[in-house]
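Trainee:
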Amino acid sequence: ELATEDSDALIIGLVRGDQSIRGAAWREHIQAGDVLVLEAGPQGINKFVSTLGLKLTGTQPKEEVQESEKKPSAVKDGDMLLEAVIPPDRSWLVGRMAGSLKLRSRFGINLLGASRQGTPYRGRLREFRFKAGDVLLLQGEKERVLEVIGLLGCLPLAERGLQLGKPGQA
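Here it is as structure tokens:
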């Protein structure tokens with residue numbers, strides 16, 4: 188509880204094996220292998236992860252995971268970036284569903300959250316249909332995220348330089 192209060196992160200779900208716990212997940216005792224679903228801003232996630240000594244999952248495309256297990260980590264501390272972006276009217280994202288884009292397998296980035304008119308989207312992200320003006324939170328390797336923002340036709344919000352795993356930013 189202290190870690191969530193200190194980092195402004197809220198545990199909204201937990202996945203343990205093939206069981207998904209929503210709502211009261213914060214009451215559960217965290218076990219090795221659990222996947223936590225958090226609601227937090229970029230700095231809150233970074234602080235939560237570093238305070239508890241956790242690692243982020245899903246930071247590599249699935250096909251690269253097996254290959255990277257054979258060699259040193261493909262993503263080093265400080266290489267990860269969280270970026271909030273907005274698709275304008277001309278973005279090819281508009282009208283498409285998040286799940287159809289396969290952002291992780293095609294581009295190596297993750298869609299961590301979405302918000303429309305200031306209201307966070309609470310459903311399954313893969314079912315989120317993009318509209319112009321939505322705020323999207325993308326996460327991945329810094330160079331990759333910056334490249335994909337352009338490919339998607341999105342506009343980054345004001346530069347804040349938030350990076351995951353960067354010393355001194357927790």
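Take the position in the sequence shown, starting the count at 1, then add 187; the result is the number in this note's numbering.
Glycine residues also receive a C-beta, built at the ideal position from the N, C-alpha and C atoms.
1) For E254, count the other beta carbons within 10 Å of its own beta carbon; 16 or more makes it buried, fewer makes it exposed. Which is it?
2) Exposed or buried, G305, counting other C-beta atoms within 10 Å across all chains shown (16 or more means buried)?
3) Starting from L333, trace the alpha helix (DSSP H) in both directions and tell me its first and last residue.
4) Since E314 sits in a beta bridge, which residues does DSSP pair it with?
5) Output the residue ranges of the beta strand (DSSP E) runs that lie fully inside the stretch 273 to 317 and measure 3 residues or longer, sorted by chain position.
6) Please confirm if the stretch 302 to 316 is in contact with the stretch 330 to 349, defined as three or more CB-CB distances below 8 Å between the two stretches.
7) In terms of DSSP beta bridges, what is P322 paired with?
8) Could you give the DSSP three-state label for I232: helix, strand or coil?
9) Using CA atoms only, rank isn't needed, just tell me which of R303, P274, R331 is closest to S292.
10) Can you name, in chain order, every residue of its own chain whose Cβ lies under 6 Å from the Cβ of A285, other than the five neighbours on each side?
11) Is D221 closer than 8 Å to V202 when the C-beta atoms are compared?
12) With a threshold of 16 other CB atoms inside 10 Å of the CB of R207, please say whether the residue is buried or exposed.
13) Quick one: what does DSSP say L344 is sitting in, helix, strand or coil?
14) Hey, K329 and L268 are a contact pair by Cβ (cut 8 Å); roughly how many whole angstroms apart?
Mentor: According to the structure data:
1) Translated into the one-based positions of the sequence shown, residue 254 becomes position 67. Residue placement at E254 cannot be trusted, given a pLDDT of 47 that sits under 50; the coordinates are not used to answer.
2) Here residue 305 is taken as the residue at index 118 of the sequence shown, counted from 1. By the 10 Å Cβ count, G305 comes out exposed.
3) In the sequence shown, residue 333 corresponds to position 146, counting from 1. L333: member of the alpha helix (DSSP H) spanning 329 to 339, first to last residue.
4) To locate residue 314, count along the sequence shown from 1; it is residue 127. Answer is none; E314 lacks a bridge partner.
5) Listed in chain order, the complete beta strand (DSSP E) runs (minimum 3 residues) inside the stretch 273 to 317 are 296 to 303.
6) Fewer than three beta-carbon pairs drawn from the stretch 302 to 316 and the stretch 330 to 349 are found closer than 8 Å, and the two stretches are therefore not classed as touching.
7) One-based indexing of the sequence shown puts residue 322 at position 135. For the record, residue 322 in the displayed sequence is Val; it is not Pro. Residue pairing for V322: DSSP places it in a beta bridge opposite S302.
8) On the sequence shown, position 45 is the one that residue 232 refers to. In the three-state reduction of the DSSP assignment, I232 falls in the helix class, which pools H, G and I.
9) In the sequence shown, counting from the first residue as 1, residue 292 sits at position 105. Nearest option by C-alpha distance: R331.
10) Mapped onto the sequence shown, residue 285 falls at position 98. So the list reads L298, L312, R313, F315, once near-sequence residues are dropped.
11) As a position in the sequence shown, residue 202 is number 15, starting the count at 1. As a position in the sequence shown, residue 221 is number 34, starting the count at 1. Cβ distance < 8 Å, so V202 and D221 count as in contact.
12) Along the sequence shown, read from residue 1 onward, the residue named residue 207 stands at position 20. The sequence given here places Ser at residue 207; Arg does not occur at that position. Its Cβ having fewer than 16 others within 10 Å, S207 is exposed.
13) Mapped onto the sequence shown, residue 344 falls at position 157. Annotated three-state conformation of L344 is coil, per DSSP.
14) Here residue 329 corresponds to residue number 142 of the sequence shown, with the count starting at 1. Here residue 268 corresponds to residue number 81 of the sequence shown, with the count starting at 1. Yes, K329 and L268 are in contact; Cβ-Cβ is about 4 Å, under 8 Å.
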